[in-house]
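Protein chains in written order, with our numbering: chain A, 1 to 979; chain B, 1 to 143.
Remarks on the structure that follows.
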Amino acid sequence: MVVTPFNFTCEGESTPDHLIVTELFDLVREFEERESEALLHPTETLKSNNSYTAKLEQLKTIGRELAMGSQGGFGQSKEFLDLVKSIGEARSKSEEDRIVLHEIEMLKRRINEPDIPKRKMKEYIIRLVYIEMLGHDASFGYIHAVKMTHDDSLLLKRTGYLAVTLFLNEDHDLIILIVNTIQKDLKSDNYLVVCAALNAVCKLINEETIPAVIQQVVELLGHPKEGVRKKAVMALHSFYHRSPSSVNHLISHFRKKLCDNDPGVMGATLCPLYDLIIIDVNLYKDLVVSFVNILKQVAERRLPKSYDYHQTPAPFIQIKLLKTLAILGSGDKKSSEQMYTVIGDIMRKSDTTSNIGNAILYECICCISSIQPSPKLLETAADSIAKFLKSESHNLKYMGIDALGRLIRISPDIAEQHQLAVIDCLEDPDDTLKRKTFELLYKMTKSSNVEVIVDRMIDYMISINDSHYKTETASRCVELAEQFAPTNHWFIQTMNKVFQHAGDLVNPKVGHNLMRLIAEGFGEDDESADSQLRSSAVESYLKIVDEPKLPSAFLQVICWVLGEYGTADGKYSATYISGKLCDVAEAHSSDDIVKAYAVTALMKVYSFEKAAGRKFSLLPECQTLLEEMCASHSSDLQQRAYEFQAILDLDANAMDNIMPLDASCEDIEIDKNLSFLDSYVHKSLEEGAEPYIPENQRSGTLTVTNLGHHNPYDHPTHSLRFEAYEVPKPVVPPPTTFPTDLIPVSLPEPTYHHQPVQPTRSSAPVPEPPTSTELRLRLDGVQKKWGKPAYSSSSATSSSSTSNFDSGKTAVNGPTTQPDVRPRETKHVEVSEEKQKLAASLFGGTTSSTSRSEKKQQPVAASKRPATTAPPPPPPDLLDLGSETTGSTYSSVVDPFKQLESLLDMSQDGTTNGHNQNLVLNEKDGFNPANGSPNPGTKTATLTKGPSLKDALDKDALVRQMGVNPTSQNPNLFSDLMS
Amino acid sequence: MGIRFILMVNKQGQTRLAQYYEYLTLEERRALEGEIVRKCLARNEQQCSFVEHRNYKIVYRRYASLFFLVGVDNEENELAILEFIHLLVETMDRHFGNVCELDIMFHLEKAHFMLEEMVMNGCIVETSKANILAPIQLMDKAS
Chain A
1 MVVTPFNFTC EGESTPDHLI VTELFDLVRE FEERESEALL HPTETLKSNN SYTAKLEQLK
61 TIGRELAMGS QGGFGQSKEF LDLVKSIGEA RSKSEEDRIV LHEIEMLKRR INEPDIPKRK
121 MKEYIIRLVY IEMLGHDASF GYIHAVKMTH DDSLLLKRTG YLAVTLFLNE DHDLIILIVN
181 TIQKDLKSDN YLVVCAALNA VCKLINEETI PAVIQQVVEL LGHPKEGVRK KAVMALHSFY
241 HRSPSSVNHL ISHFRKKLCD NDPGVMGATL CPLYDLIIID VNLYKDLVVS FVNILKQVAE
301 RRLPKSYDYH QTPAPFIQIK LLKTLAILGS GDKKSSEQMY TVIGDIMRKS DTTSNIGNAI
361 LYECICCISS IQPSPKLLET AADSIAKFLK SESHNLKYMG IDALGRLIRI SPDIAEQHQL
421 AVIDCLEDPD DTLKRKTFEL LYKMTKSSNV EVIVDRMIDY MISINDSHYK TETASRCVEL
481 AEQFAPTNHW FIQTMNKVFQ HAGDLVNPKV GHNLMRLIAE GFGEDDESAD SQLRSSAVES
541 YLKIVDEPKL PSAFLQVICW VLGEYGTADG KYSATYISGK LCDVAEAHSS DDIVKAYAVT
601 ALMKVYSFEK AAGRKFSLLP ECQTLLEEMC ASHSSDLQQR AYEFQAILDL DANAMDNIMP
661 LDASCEDIEI DKNLSFLDSY VHKSLEEGAE PYIPENQRSG TLTVTNLGHH NPYDHPTHSL
721 RFEAYEVPKP VVPPPTTFPT DLIPVSLPEP TYHHQPVQPT RSSAPVPEPP TSTELRLRLD
781 GVQKKWGKPA YSSSSATSSS STSNFDSGKT AVNGPTTQPD VRPRETKHVE VSEEKQKLAA
841 SLFGGTTSST SRSEKKQQPV AASKRPATTA PPPPPPDLLD LGSETTGSTY SSVVDPFKQL
901 ESLLDMSQDG TTNGHNQNLV LNEKDGFNPA NGSPNPGTKT ATLTKGPSLK DALDKDALVR
961 QMGVNPTSQN PNLFSDLMS
Chain B
1 MGIRFILMVN KQGQTRLAQY YEYLTLEERR ALEGEIVRKC LARNEQQCSF VEHRNYKIVY
61 RRYASLFFLV GVDNEENELA ILEFIHLLVE TMDRHFGNVC ELDIMFHLEK AHFMLEEMVM
121 NGCIVETSKA NILAPIQLMD KAS
């Protein structure tokens with residue numbers, strides 16, 4: 001039956017009674033198939049059920065009342081019923097949209113009319129809520145919802161508040177209008193009104209408006225009505241989330257409310273306490289006793305019956321308490337011991353046939369696995385897990401797998417008894433269960449089962465569609481492969497697979513790590529093993545390289561490997577390799593990075609051939625490629641192409657120096673003083689060339705004699721000043737020593753992809769401590785100031801990068817120096833393999849190797865930094881049980897201006913704080929390189945608080961931005977200034 | 001923290017009630033609801049009542065024609081949330097008497113009020129049906 005809601009007469013006009021009533025009957029009959037099925041007892045006999053007829057009677061009554069013109073007992077008009085019905089009937093989204101849009105039009109007209117009766121307004125507001133629930137904007141009506149909060153009638157007021165909390169968020173402009181109402185309502189005599197206001201407070205009060213209500217809320221903590229106290233606690237909880245500092249002084253209230261008579265208030269207080277405890281456990285260790293006590297009482301059924309749920313006493317409170325105890329007992333033997341008894345009791349008394357009983361059991365297991373272990377409790381936990389895994393219900397299996405994952409951290413052997421159950425879950429078509437089981441496998445990976453696990457994981461990963469989850473799984477595969485690879489060959493193959501299917505999802509660092517590992521070898525000084533590895537890598541890549549749709553990251557790795565090692569073993573001719581590289585570049589002509597890798601690889605192939613004395617000329621395709629690149633839009637490609645062309649004519653010796661074989665891991669040494677040019681310089685000087693004057697010593701004249709008498713206060717008009725004009729405190733100017741070099745500027749990193757190692761030229765500049773006692777700019781840690789770019793000391797950085805290599809090498813040493821590791825011969829080929837075999841391969845390799853690998857895991861995890869971006873937690877430590885992520889978002893808010901004020905206080909004490917001086921200087925040093933003249937700044941050196949300090953900081957930032965950096969390529973840039 | 005949102009959606013995917021405990025814009029909500037509802041409705045009876053979505057989980061349960069979906073953080077106890085959903089339905093049942101989808105549609109604000117009593121700031125604060133329904137009954141009497 002098609003009913004358009006719009007063919008009815010407007011409200012107010014009477015319609016024959018029977019018409020309305022029949023329409024309503026139709027309405028009910030329409031819905032009866034779907035929507036009037038009782039949620040809790042849906043049966044086919046519903047129709048014969050008394051409740052159905054009762055419902056029908058109810059609706060008949062509405063019909064009658066509507067026919068009489070008054071609003072129905074439900075308080076809605078026919079329009080509303082129609083709206084709901086037609087939305088329910090809409091067969092497509094566009095139809096629903098049409099209905100809603102029409103509703104919006106109508107409401108827009110009606111709602112702004114004056115003198116709308118209150119009940120009508122309430123209905124309009126609810127219709128607005130409907131509209132927004134269906135995804136359309138109803139902001140034209142927000143103001144009416146706000147107005148309704150002013151109403152005295154409780155129902156209307158509360159509806160107004162509800163609408164406002166649904167429509168608005170704490171940042172909305174209309175919040176200001178509501179704060180006043182809330183303040184009034186918080187003081188109301190009617191406690192229900194106070195409750196309504198507190199509900200709104202939790203959702204709408206933001207950081208700025210907290211002060212307006214916090215006093216009142218704190219008072220309400222002592223309200224006679226428990227409902228009010230409960231909500232006041234939650235209001236403070238919401239304040240804590242928005243602005244932790246605002247409730248710092250109120251923590252004692254939380255502790256007090258924990259002991260409130262009313263269990264509801266006590267239960268509510270557990271929430272903010274939990275959040276506080278997560279942030280700082282040690283402050284609340286004294287509460288362990290209280291929590292244990294409360295838990296005991298709850299478990300012994302000392303709470304009123306109304307808190308029972310399915311014969312379980314206050315289960316949700318129990319669960320919250322268990323969670324809190326888990327955090328308090330973690331790593332703390334004394335606290336943990338206090339908990340053992342109560343946890344044991346609860347576990348024993350739990351009803352394992354009901355969901356809620358199992359929920360409590362599960363929470364107990366989580367608690368047990370997080371506090372200091374007790375063997376008895378561990379046993380009980382293991383038994384419970386066994387029961388979970390054996391059950392038919394997928395939900396319980398899921399919980400069992402999760403609990404198993406947590407327990408493994410403490411007793412790793414427990415997984416073995418449940419091998420078959422775990423395998424079943426792994427192969428279950430239920431995706432959620434599969435995912436959970438993979439998480440478990442991830443936690444129990446060791447070298448003995450890593451191949452099986454990772455292979456399976458990769459297969460699973462290939463089938464995932466959701467990119468967020470795919471990335472996570474890919475990262476996990478990579479992590480496991482890096483940590484536990486039994487053989488190099490397997491490692492390369494695995495990484496290849498991951499790259500092939502998820503190459504663009506993993507962190508680019510993974511690719512670089514892979515390249516580095518191939519280059520460095522796996523730590524054994526076994527050249528033959530390394531070269532074997534490289535050969536196999538080259539082989540596999542040559543096979544894959546022609547496949548379409550390879551991810552860019554993978555292609556980069558392939559090109560790099562082919563370039564570095566393609567011709568190393570002599571199996572493939574340079575022509576062949578370079579042909580392949582050209583193909584890659586042509587096939588992916590839109591991907592600049594891949595082309596860059598390809599051309600650099602070509603360059604390597606060419607230079608290795610040349611250096612080895614073999615004759616090698618570029619294929620015509622390569623020539624064309626080069627020419628194309630020389631004209632490329634990308635300057636990076638152009639540069640590479642030009643460099644390549646430049647070396648085409650060099651001889652073998654030069655080649656060897658430029659592109660030494662297999663030297664990707666070696667440092668580039670830079671002689672800062674360019675001492676190899678010394679003879680040249682000497683010769684030139686003898687021939688009458690001018691000596692070099694460092695830039696900061698150039699003072700407009702070119703005579704050497706000036707060098708000794710540079711007066712800091714004698715500034716020629718065109719040079720840049722680096723010293724202060726005036727000092728706040730008169731200091732005897734020391735004999736004129738030159739201000740030392742400004743901080744060398746860090747060189748922007750050259751983007752040479754074929755060197756995965758950081759070139760030693762970059763990295764943070766080492767700030768030189770001011771050697772003169774002159775007042776000068778303190779530029780500690782400042783990256784860019786004026787002055788020429790310079791190389792930072794190569795020794796410092798090269799040592800740091802070699803130490804990186806060392807740690808990398810030792811880390812990777814771990815998995816490969818286990819003497820008796822044989823790659824598992826149980827090759828896992830078909831999916832339909834016998835479960836026993838799979839189970840054995842996953843869970844076998846028992847204590848001896850596990851204990852060794854456990855020990856190895858720790859240092860590996862510690863020293864090696866895995867190259868994955870695991871989205872939120874899991875830390876590289878495999879033994880992670882994936883427990884709560886700490887609320888790192890709740891860091892205490894620090895007020896920046898307080899910090900600034902403290903700085904100022906210091907200076908006003910009279911101590912010459914270099915930092916402050918810095919600010920002063922910058923205020924005065926209005927450098928204007930354009931006109932070259934220093935600013936005739938004011939001579940006063942007053943420090944004023946507040947804004948001027950801020951100004952100074954702003955100016956500082958601006959000046960840094962403006963810091964003109966004369967490039968070495970154009971020394972004439974400021975020649976006019978310096979002449 | 002804890003609970004991020006509570007949705008009631010019918011089998012056709014139409015939202016009957018939506019309560020969010022963290023702010024999302026209208027477009028975000030639409031997108032989220034569309035994604036999640038599709039995922040949950042596609043599952044059959046035997047499968048888990050839990051679905052992992054992005055970096056949180058969804059616990060869902062079907063009652064007749066209505067799906068109840070609760071989005072929770074990863075730390076939450078899924079079984080407990082499952083039972084919380086049941087508690088919610090039981091509470092509504094106590095109030096409306098054999099609650100059905102129609103009741104929720106026609107008394108949207110009452111359903112919201114009940115939820116307001118039970119969950120605040122994304123935490124479960126009240127589980128005693130008497131305490132939950134008392135304010136609402138008083139309010140009904142007063143008006």
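Built from N, CA and C at the ideal position, the CB exists for glycine as well.
Just so you know, these numbers come straight off a predicted model, no measurement behind them.
query                                                                                                                                                                                     : result
Looking at the structure shown, is Ala811/A part of a helix, part of a strand, or coil, going by DSSP?                                                                                    : Unreliable positioning characterises Ala811/A in this predicted model, as indicated by a pLDDT of 38, which lies under 50. The coordinate reading is nonetheless provided below. Correct three-state label for Ala811/A: helix.
Closer than 8 Å by beta-carbon distance: list the chain B residues that pair up with Val84/A, in chain order.                                                                             : Met105, Phe106
Is the region 629–639 of chain A in contact with the region 488–500 of chain A, if contact means three or more CB pairs nearer than 8 Å?                                                  : no
Could you say which of Gly329/A, Leu378/A, Glu337/A, Pro313/A lies nearest to Asp351/A if we only look at CA atoms?                                                                       : Pro313/A
What are the residues that DSSP puts in a beta bridge with Asn10/B?                                                                                                                       : Leu66/B
Tell me, which residues are paired with Lys57/B by DSSP?                                                                                                                                  : Glu52/B, Val72/B
Can you tell me where the alpha helix (DSSP H) holding Arg348/A begins and where it ends?                                                                                                 : 333–349
Beta-carbon of Glu132/A versus every beta-carbon of chain B: anything under 8 Å?                                                                                                          : yes
Using a Cβ cut-off of 8 Å (strictly closer), state whether Leu155/A contacts chain B.                                                                                                     : yes
Scan the region 335–356 of chain A for residues whose Cβ lies nearer than 9 Å to a Cβ of chain B and list them as they occur along the chain.                                             : Ser354, Asn355, Ile356
Give every residue of the same chain whose Cβ lies closer than 8 Å to the Cβ of Ile132/B, excluding the five residues on either side of it in the sequence, and list them in chain order. : Thr91, Met114, Glu117, Met118, Glu126
Does any C-beta atom of chain B lie closer than 8 Å to the C-beta of Ser306/A?                                                                                                            : yes
Please decide whether Glu116/B counts as near chain A, where near means a Cβ-Cβ distance under 8 Å.                                                                                       : yes
Indicate whether Asn206/A and Arg255/A have their beta-carbon atoms separated by less than 8 Å.                                                                                           : no
Under the rule that 16 or more other beta-carbon atoms within 10 Å means buried, what is Ile182/A, buried or exposed?                                                                     : buried
Nearest-angstrom Cα distance between Cys559/A and His489/A?                                                                                                                               : 19 Å
Lys305/A: buried (16+ other C-beta within 10 angstroms of its C-beta) or exposed?                                                                                                         : exposed
At 9 Å on the CB atoms, spell out the chain A contacts of His95/B, in chain order.                                                                                                        : Those do not exist, as His95/B stays about 12 Å from chain A at its closest Cβ, beyond 9 Å.
Spatial neighbours of Ser49/B within its chain, please: C-beta separation below 8 Å, excluding the five flanking residues on both sides.                                                  : Val59, Tyr60, Arg61, Glu78, Leu82
Assuming the contact rule is C-beta atoms closer than 8 Å, Arg534/A and Ala568/A should be a hit. Round their C-beta distance to whole Å, please.                                         : 6 Å
So with Cβ pairs under 8 Å, would you call Glu28/B a contact of chain A?                                                                                                                  : no
Should Tyr130/A and Thr149/A be called a contact, given that it needs their Cβ atoms to be closer than 8 Å?                                                                               : no
Output, in chain order, the set of chain B residues within a Cβ distance shorter than 7 Å of Asp430/A.                                                                                    : Gln47, Cys48
Assuming Met515/A and Val557/A are in contact, meaning their beta carbons sit under 8 Å apart, how far apart are those beta carbons, in whole angstroms?                                  : 6 Å
Using the Cα positions of Tyr142/A and Tyr23/B, report the straight-line distance between them to the nearest angstrom.                                                                   : 17 Å
In the DSSP output, what is Val119/B paired with across the bridge?                                                                                                                       : Ile124/B
Using the C-alpha atoms, what's the distance from Glu132/A back to Ala134/B?                                                                                                              : 29 Å
Answer yes or no: do Leu128/A and Leu107/A have a C-beta to C-beta separation smaller than 8 Å?                                                                                           : yes
Quick check on Ile319/A: buried or exposed, where buried means 16 or more other Cβ atoms within 10 Å of its Cβ?                                                                           : buried
Considering only the beta carbon of each residue, do Val986/A and Gln338/A sit closer than 8 Å?                                                                                           : Residue 986/A is absent from the structure shown; chain A starts at 1 and stops at 979.
Just checking my contact of Ile423/A with Ala839/A at CB under 8 Å: how many whole Å lie between their CB atoms?                                                                          : 5 Å
Could you please give me the residues that DSSP links to Gln19/B through a beta bridge?                                                                                                   : Ile6/B
Classify Asp308/A as helix, strand or coil using the three-state DSSP reduction.                                                                                                          : strand
How would you list, in chain order, the residues of chain A whose beta-carbon sits under 7 Å from the beta-carbon of Arg61/B?                                                             : Going along chain A, no residue has its Cβ under 7 Å from Arg61/B, so there is no contact; the nearest lies around 10 Å.
Can you give the Cα-Cα distance for Gly331/A and Val342/A, rounded to whole angstroms?                                                                                                    : 19 Å
Is Ala981/A helix, strand or coil by DSSP?                                                                                                                                                : One cannot answer for residue 981/A here, as it falls past the ends of chain A, which runs 1 to 979.
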